[in-house]
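In our numbering, the protein residues as written are 14 to 293.
Shown next, in structure tokens, is the structure this report addresses.
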């Protein structure tokens, strides 16, 4: 391995470490993909995770300046095909190799900028945020899975967007406590968490279920090397969603719902059997 190859591999390993540290669910999902997809998807996750950290974590810093700097470094890395920031270097490699549309990156960064603003989330703003924060991430991953097959990408695109949407909306429900009480964010249109009722929660859940149902239609048609890993992430989030549905509104505001590691292992084994016997 020459020096350049060592540098490239090391940057991918950095994003792999980030994924493993931040998300057990996505780490297992990625490991369940064909090996050729591991590093590219780690690179996508590392990029979006660090951008999200800027807006969610560093409260004592000038987040707007940090995010703007991150954005400029991202485009500079893509254009110059190199960065000394390991997360951005491996991300630019994936963007350039798989010809990921820059509009997807722009939409994602725009949603991160929205998190720095005190917005009234009307239905249109809500949909705009979800598209940029979650749906486009699914589309970046889909671009990798389709490996240049544009027809396949276009056919699977709507379901990939629904899967990203479902994941994000479940996150919104799971993270109400931290989003509302720590960051002052209310993403759901027309919802007042000081008066969060069963009817509000049920309406949100019905919307999420539609996304999950539509997403499943796309998962079963994914390339085989991607199908199990994506299905596994789907089952994790569906189990989390099922637990959330059993919680009353007041408990959602007080407690962050989780899926235990033992349950994740059970889902892993169950999804593997279905994948092996082609019964997803």
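Built from N, CA and C at the ideal position, the CB exists for glycine as well.
Just curious, the alpha helix (DSSP H) that residue i is in, first and last residue?
i, result
"residue 62", "51 to 69"
"residue 257", "237 to 259"
"residue 106", "99 to 111"
"residue 123", "115 to 127"
"residue 34", "16 to 35"
"residue 130", "Careful: residue 130 lies outside any alpha helix (DSSP H) and carries neither H nor E."
"residue 212", "211 to 232"
"residue 288", "274 to 289"
"residue 76", "76 to 93"
"residue 263", "262 to 267"
Find the nearest neighbour of residue i within the set the options, judged by alpha-carbon distance.
i, options, result
"residue 136", "105, 123, 78, 217", "217"
"residue 64", "85, 44, 48, 49", "85"
"residue 208", "59, 263, 140, 258", "263"
"residue 276", "249, 267, 288, 290", "249"
"residue 282", "27, 15, 41", "41"
"residue 120", "206, 237, 152", "152"
"residue 70", "106, 195, 39", "195"
"residue 48", "163, 251, 242", "242"
"residue 129", "278, 271, 68, 234", "68"
"residue 163", "17, 73, 114, 125", "114"
"residue 273", "188, 256, 15, 178", "256"
"residue 97", "244, 25, 46, 134", "25"
"residue 81", "159, 38, 126", "126"
"residue 117", "30, 145, 15", "145"
"residue 156", "237, 189, 133, 110", "110"
"residue 258", "211, 167, 92", "211"
One question on the structure: do residue i and residue j come within less than 9 Å of each other, judged by their Cβ atoms?
i, j, result
"residue 186", "residue 214", "yes"
"residue 88", "residue 176", "no"
"residue 20", "residue 56", "no"
"residue 181", "residue 148", "yes"
"residue 225", "residue 260", "no"
"residue 32", "residue 59", "yes"
"residue 205", "residue 198", "no"
"residue 170", "residue 234", "no"
"residue 178", "residue 232", "no"
"residue 54", "residue 154", "yes"
"residue 278", "residue 244", "no"
"residue 202", "residue 108", "no"
Scan the stretch 134 to 205 and note each continuous beta strand (DSSP E) run of 3 residues or more that stays entirely inside, going in chain order.
-> none
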